[in-house]
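The sequence shown begins at 565 in the working numbering and counts up by one. All C-beta atoms in this analysis are idealised placements derived from N, C-alpha and C, irrespective of residue type, glycine included. Down below is the structure, laid out as structure tokens.
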Amino acid sequence: MKDIEINYYSERGSYFLPHAHRELEMHYIFKGFGTVVMDGKEHRLSDGDFFVIHPGAVHEAVLTEVSQGLQILVPEEFLECYVPGFEQWMILCGPDKIRTGQWKDYEKICENMQSIPGIYTGGKPGARLAWTAKVMDILAVLVNVFGIYRAREDGDAATDPRHRIQEMAAYVEEHHMEDLTLEMIAGNFGLSREYFSRFFKKYMGVNFIRHLHLVRLTHIHEELLSSEDSIMEIVSRHGFNNYKLFTKMFREIYGCAPRTLRKVREGKNGNDEKHEGQ
């Protein structure tokens, strides 16, 4: 069984394209600001904000302007061990979701989130026990105060829209380097172009073409940071044929031009080499 995963970052955050997974995802913003789009609704976050994404929810996170943050992923099967039938619960918790009488509990969660990085990076023998206890305390509050029980809906998992949209997203990921068209992917799933477009937009939160561009953009961003190939080579390799649109979307998502990102990377690497030589 997968365990709790913690990701603490003290440099610039990341962009996460629309996706879904079977973990309960928690975010706490120490410094900076960002946006999470969940089930088609936009939620703006800034210093001191805590937000939960429930398992199976399609979400997009633009956290490129967050300079310090904490992400915690808790597998649904882990939660099922402590809350049988957890798959029937929905957790609604964020600064724009708090109702009267919930603020003290929300503040308690934030205090626990604030304490976790120090424990996590402290290096003490019992660190894992300590931060796990904090996470478990947060989870108890989320279930007891912010949890909503949903009646079970009968149906085959294979026909569940969430399952199907994940298959579609996986197909885009696998074939994003190709000249992938709306007609091709709709035909692959045995759907008409019109039905596929409506279904994809409804459950993914963005239309197919934008999602395809975003997938290509994230791969290009990764290679700009790791490869010595030219920007044009990388862009072309990942199927982004409209360079003007690419640069526009890159600025929109990452807040800078591709060449600027390269210069920042080269400057950082140069400083690292300088320190190593001293």
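Requested in this report: Reducing DSSP to helix, strand and coil, say where Val-616 ends up.
Outcome: strand
Report task. Starting from the C-beta of Arg-815, find all residues in its chain whose C-beta is less than 7 Å away, skip the five residues before and the five after it, and write them out in chain order. Result -> Ala-821
Query raised in the report: Would Leu-634 count as contacting chain B if we go by Cβ distances under 7 Å?
Result: Although the question refers to chain B, the structure presented lacks it and comprises just one protein chain.
Query raised in the report: Expressed to the nearest angstrom, what Euclidean distance is found between the alpha-carbon atoms of Thr-672 and Lys-661?
Result: Residue 672 is actually Lys in this sequence, not Thr. Approximately 16 Å, taken between the alpha carbons.
Query raised in the report: Tell me which same chain residues have a C-beta within less than 7 Å of the C-beta of Ser-610, skipping the five on either side of it?
Result: Ile-593 and Phe-597
Query - Beta-carbon spacing of Gln-730, Ala-625 below 7 Å - result: no
Report task. Report yes or no: do three or more beta-carbon pairs, one from the stretch 806 to 815 and one from the stretch 745 to 760, lie closer than 8 Å? Result -> no
Report task. Take the Cβ of Asn-676 as the centre, count every other Cβ of all protein chains shown within 10 Å, and call the residue buried at 16 or more, exposed below. Result -> Its Cβ being crowded by 16 or more others within 10 Å, Asn-676 is buried.
Query - First and last residue of the uninterrupted alpha helix (DSSP H) at Glu-640 - result: Judged by DSSP secondary structure, Glu-640 falls within the alpha helix (DSSP H) whose first and last residues are 640 to 646.
Query raised in the report: Alpha carbon to alpha carbon, what distance is there between Met-565 and Tyr-735?
Result: 26 Å
**Report entry** Per-residue burial, Gly-686 [other beta carbons within 10 Å of its own, 16 or more giving buried]
**Finding:** exposed
Query raised in the report: Taking the alpha carbon of Asn-771 as the point to measure from, which residue in Gly-831, Ser-761 and Ser-794 has its own alpha carbon closest?
Result: Ser-761
**Report entry** Assigned exposure category for Tyr-670 - 16 Cβ within 10 Å defines buried
**Finding:** buried
**Report entry** Alpha carbon of Pro-648 to alpha carbon of Gln-635, nearest angstrom
**Finding:** 24 Å
**Report entry** Simplified DSSP assignment, three categories, for Ile-570
**Finding:** Correct three-state label for Ile-570: strand.
Query raised in the report: Just to confirm, are His-777 and Met-813 a CB contact at a threshold of 7 Å?
Result: yes
**Report entry** Pick from Leu-588, Lys-595, Pro-582 and Leu-581 that is closest to Glu-575, judged by C-alpha positions
**Finding:** Lys-595
Query raised in the report: In or out: Pro-681 buried (at least 16 other Cβ within 10 Å) or exposed?
Result: buried
Requested in this report: Just list the alpha helix (DSSP H) runs in the stretch 806 to 835, keeping only unbroken ones of 4 residues or longer that don't cross its boundaries, in chain order.
Outcome: 807 to 818
Query raised in the report: In chain order, what residues of the same chain have a beta carbon less than 8 Å from the beta carbon of Arg-757, not counting five sequence neighbours either side?
Result: Leu-746, Glu-747 and Ala-750
Query raised in the report: I think Val-600 touches His-607, with their Cβ atoms under 8 Å apart; what is that distance to the nearest whole Å?
Result: 5 Å
Report task. Could you tell me how far apart the beta carbons of His-618 and Ile-655 are, in whole angstroms, since I believe they sit closer than 8 Å? Result -> 5 Å
Query - Top-ranked residue by Cα proximity to Glu-641, from His-775, His-740, Asp-567 and Gly-819 - result: Asp-567
**Report entry** For His-591, the three-state DSSP class (helix, strand or coil)
**Finding:** The answer is strand: DSSP assigns His-591 an E or B state.
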